[in-house]
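Colleague:
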Amino acid sequence: MIKIYHNPRCSKSREGLKLLENSGKDFQVIKYLEDIPTKEELRMLLNYLSITAENLVRKNEAIWKENFKGKLLSEEEIIDAMIANPKLIERPIVVKGEKAVIGRPTEKINDILA
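Residue numbers (our numbering): 505 to 618.
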């Protein structure tokens, strides 16, 4: 099952959702601001994406700039920050099996649908 971690207020996330809808494939929408990922889920996503937690953070968010920017944080501390402030999680994330992509640009989602 394909999953999209989606924020309806984000234009890139809406574009990713539209791409999935147009693909004709079945998928599940996870509104991650409401259904916040667990630590285990975030670790799994990072593994599927093959990136560090810091690379999943939206560093232009005020929450990051005001509370975390410039601090030396461990992987666990960054994961905890994303769970406490899910708005910090980059979006959209599309998962298929054990592979995932961040849909920026939106066309990257096609890589996972093939």
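Positions of the beta carbon are idealized from the N, C-alpha and C atoms, including for glycine.
#1: Using a 10 Å radius around the Cβ and a threshold of 16 neighbouring Cβ atoms, would you call Met586 buried or exposed?
#2: Return the Cβ separation of Ile508 and Leu524 in integer angstroms, given the expectation that the two are a contact with Cβ distance under 8 angstroms.
#3: Taking the alpha-carbon positions, what's the Leu576 to Gly528 distance?
#4: Between Arg518, Ile583, Val533 and Asn564, which has its C-alpha nearest Leu550's C-alpha?
#5: Would you be able to state if there are at least three C-beta pairs under 8 angstroms between the region 513-520 and the region 552-568?
#6: Please say whether Arg562 and Leu592 have beta carbons closer to each other than 8 angstroms?
#7: Please classify Pro596: is it buried, with 16 or more other beta-carbons within 10 angstroms of its beta-carbon, or exposed?
Modeller: Based on what the coordinates show:
#1: buried
#2: 6 angstroms
#3: 44 angstroms
#4: Ile583
#5: no
#6: yes
#7: buried
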